[in-house]
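Per this note's numbering, the very first residue in the sequence shown carries number 2; after that it's consecutive.
Beneath this line is the structure, given in structure tokens, with notes to follow.
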Amino acid sequence: MALTYAPPSFNLRLTKIHSKTPFCNSLKSTRTTGTRAGGDPFNLCSQSRSFFTEGRRFRMPYLLSAAKPSLFKVRASSGEAKSEAAQQEIFSWSSVILPFVFPALGGLLFGYDIGATSGATISLQSPELSGTTWFDLSAVQLGLVVSGSLYGALLGSLIVYPLADFLGRRRELIIASLLYLSGSLLTAYAPGLEVLLIARLVYGLGIGMAMHGAPLYIAETCPSQIRGTLISLKELFIVLGILLGYLVGSFEIDAVGGWRYMYGFSAPIAFFMGLGMLSLPPSPRWLLLKAIRGKGSLQEYKEKAILALRKLRGGSVDDKVSEKQIEDTLISLKSAYSDQESEGNLLEVFQGPSLKAFIIGGGLVLFQQITGQPSVLYYAGSILQSAGFSAAADAAKLSVVIGVFKFLMTGVAVLKVDDLGRRPLLIGGVGGLATSLLLLSAYYQFLGEFPFVAVAALLLYVGCYQISFGPISWLMVSEIFPLRTRGKGISLAVLTNFGSNAIVTFGFYPLKESLGAGNLFLLFGAIAVLAVVFVTVYVPETKGLSLEEIESKISK
């Protein structure tokens with residue numbers, strides 16, 4: 002049963018309610034939750050604690066009073082409680098497509114770089130197909146070409162952190178599209194290795210800005226009742242980009258200078274993304290945030306926010322509904338901004354529950370990379386070539402098959418993560434990663450006569466990654482940090498991800514030369530076994546819990 006407050010907000014003195022009151026006992030067979038003013042659900046009859054303090058005043062009356070039973074609507078619900086505002090928000094699916102697609106293209110271009118690089122490394126080093134006189138790259142030079150975009154992404158994420166609220170999500174994504182476009186064109190026409198490395202860095206700056214701005218814009222502009230669906234679909238856009246990169250690589254692998262076409266193909270997509278973002282309004286929440294911070298007239302920014310919301314909804318809401326939604330958002334933002342002012346310094350992330358959350362979140366994104374994920378994806382074509390598919394075209398085509406499989410398995414994860422839970426998918430998926438890496442090691446050491454082993458191991462690796470580390474690591478990162486340090490914690494997790502990704506990608510070929518492919522994949526496999534132990538011991542299950550319940554669980 003869910004209790005949702007219906008009238009406007011006002012102060013009300015609350016009475017202390019314990020879980021063993023007759024009211025709670027009468028509802029013991031039903032899940033009982035309420036809704037705060039901001040829309041966050043809370044457990045009304047928790048067996049662990051009381052949510053109400055004698056004599057305290059709250060802006061929003063959280064619970065019914067015996068004298069005021071008519072203030073609440075009672076409805077039965079088998080799932081999580083949703084706020085009345087979320088249920089009543091009016092929108093059409095056609096109006097939310099473009100505000101989702103254009104930012105999500107930033108993720109697609111990130112994925113495309115991964116897929117295209119797989120074929121480009123083959124083309125670039127071929128004496129016959131590279132179309133250059135500098136095709137004989139050393140292991141370090143090739144590592145810089147491959148990981149250059151990731152170093153750029155790491156730098157971009159550092160640059161954008163202090164500038165994000167000044168630029169706004171829309172302008173941040175427009176700048177990202179320009180960096181994508183510049184980096185793509187500069188790579189395609191690079192006359193030498195030095196220019197190529199600079200171009201890869203510029204493209205990476207676009208990745209860093211897009212990966213920061215896209216989820217923020219989508220979350221702040223889409224209807225609340227479909228926010229989770231759209232943010233989950235963004236992962237599919239990244240995978241779709243990888244698949245597109247594999248496809249373009251398979252078509253251009255036999256062309257002289259094919260690596261130029263592979264990288265240059267992203268230019269029109271970046272141009273389309275930039276035009277699309279120019280046509281979209283700023284985030285209404287960002288406009289209100291500027292008003293709260295005293296950057297202009299509150300009334301002026303409220304009017305701009307209402308106009309932006311109406312444009313985002315395609316005129317499907319009238320002025321009164323828009324004004325109410327903006328007013329509710331403004332109240333929530335004022336409360337949140339007040340909380341942010343009381344935050345400590347950066348070191349607070351390394352204290353108490355925040356430190357525990359960072360160990361979990363940072364550990365997941367670190368293991369996500371050091372189990373070899375960047376290497377397996379970026380060098381899939383090279384691995385397949387060594388597996389007996391000597392023709393570059395054969396390796397590129399099999400990379401496309403791997404990309405399709407990756408896309409399908411990501412869809413499975415998006416559909417099942419809330420049914421099966423985070424821990425089972427992580428433990429099973431990471432266990433599969435360890436198995437696949439040990440199979441790759443065995444292939445390179447004593448199963449070289451069986452090329453299907455390498456193909457099966459790659460498919461197993463991709464499938465297990467996409468139901469575990471791929472989508473769930475970032476889902477966990479967004480859930481486990483306390484509200485007080487969530488922004489700083491997620492920022493550190495992003496830096497950990499890109500930093501470890503760049504290091505692993507850069508070090509793959511030098512380590513492969515010094516250790517041998519068999520021993521390198523054996524090392525990755527051993528790290529994956531440690532990751533299974535880490536998940537089993539440290540990572541909690543968060544399925545079906547509110548953010549407040551997760552924070553309480555982490556604090557224990």
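By construction, the Cβ of each residue, glycine as well, lies at the ideal position given by its N, Cα and C atoms.
Since this is a predicted model, take the numbers as computed values, not measurements.
Buried or exposed (CB count within 10 angstroms, at least 16 for buried), residue i
i: F111; result: buried
i: I115; result: buried
i: I473; result: buried
i: E236; result: buried
i: I98; result: exposed
i: E301; result: exposed
i: W94; result: exposed
i: Y510; result: buried
i: L416; result: exposed
i: Q352; result: exposed
i: T134; result: exposed
i: Y539; result: exposed
i: K407; result: buried
i: G193; result: exposed
i: G297; result: exposed
i: P269; result: exposed
i: K305; result: buried
i: I555; result: buried
i: G295; result: exposed
i: S148; result: buried
i: V196; result: exposed
i: S280; result: exposed
i: P128; result: exposed
i: L186; result: buried
i: L476; result: buried
i: K557; result: exposed
CB-CB length for residue i against residue j, believed under 8 Å
i: I332; j: K303; result: Actually they are not in contact, since the Cβ atoms of I332 and K303 sit about 12 Å apart, beyond 8 Å.
i: G120; j: I307; result: Contact doesn't hold; Cβ gap of about 48 Å is too wide.
i: L438; j: G526; result: 4 Å
i: L441; j: F522; result: 4 Å
i: Y152; j: L202; result: 6 Å
i: I1; j: V536; result: In the structure displayed, the chain extends from 2 to 557; residue 1 sits before or after that span and is not available.
i: E450; j: A140; result: Going by Cβ atoms, the distance from E450 to A140 rounds to 27 Å, so no, they are not a contact pair.
i: T222; j: L313; result: 5 Å
i: G275; j: L348; result: 38 Å between Cβ atoms; not a contact.
i: G144; j: F507; result: 4 Å
i: Q446; j: G519; result: 4 Å
Other residues of its chain near residue i: CB distance less than 6 Å, five sequence neighbours each side excluded
i: Y181; result: L110, G207, A271
i: Y247; result: G116, S400, V401, G404
i: F359; result: V350, G490
i: N480; result: It is Glu, not Asn, that sits at residue 480 in the sequence shown. Result list for E480: T543, I551, in chain order.
i: Y204; result: S150, G184
i: A494; result: G362, G363, V366, V478
i: R172; result: none
Neighbour flag for residue i against chain C, beta carbons, 8 Å
i: P282; result: Although the question refers to chain C, the structure presented lacks it and comprises just one protein chain.
Close beta carbons around residue i, own chain, < 7 Å, minus the five adjacent residues each side
i: I371; result: S501, V505, I528
i: V405; result: L244
i: T22; result: Summary for T22: the model assigns pLDDT 40, below 50, so the residue's position carries little reliability, and this model does not support an answer.
i: V533; result: I428, V431, G432, A435
i: F101; result: I219, C223, L231
i: A309; result: P282, P283, P285, L288
i: K357; result: I555
Beta-carbon proximity of residue i to residue j, cut-off 8 Å
i: A191; j: A200; result: yes
i: V366; j: V530; result: no
i: L231; j: I239; result: no
i: Y113; j: G242; result: yes
i: G363; j: T497; result: yes
i: F499; j: L198; result: no
i: V431; j: F470; result: yes
i: V377; j: Y444; result: no
i: W287; j: G169; result: yes
i: P282; j: L174; result: no
i: H213; j: S150; result: no
i: G132; j: V257; result: yes
i: V249; j: F266; result: yes
i: R261; j: A165; result: no
i: S355; j: F167; result: no
i: S96; j: G315; result: yes
Beta-carbon contacts of residue i that lie in its chain and below 8 Å, excluding the five residues immediately before and after
i: L138; result: L125, Q126, V146, L194
i: L426; result: A414, K417, V418, I468, S469, I473
i: F136; result: L125, Q126, S127, P128
Next item on the list: Pick out the complete beta strand (DSSP E) segments inside the segment 223-285, 3 residues or longer, and give them in chain order.
Entry: none
Check: Which parts of the segment 131-212 are runs of the alpha helix (DSSP H), unbroken and 4 residues or longer, counting only runs that do not cross its ends?
Finding: 140-168, 170-189
Checklist line | Complete alpha helix (DSSP H) runs within the segment 465-507 (minimum length 4 residues, chain order) | finding: 470-481
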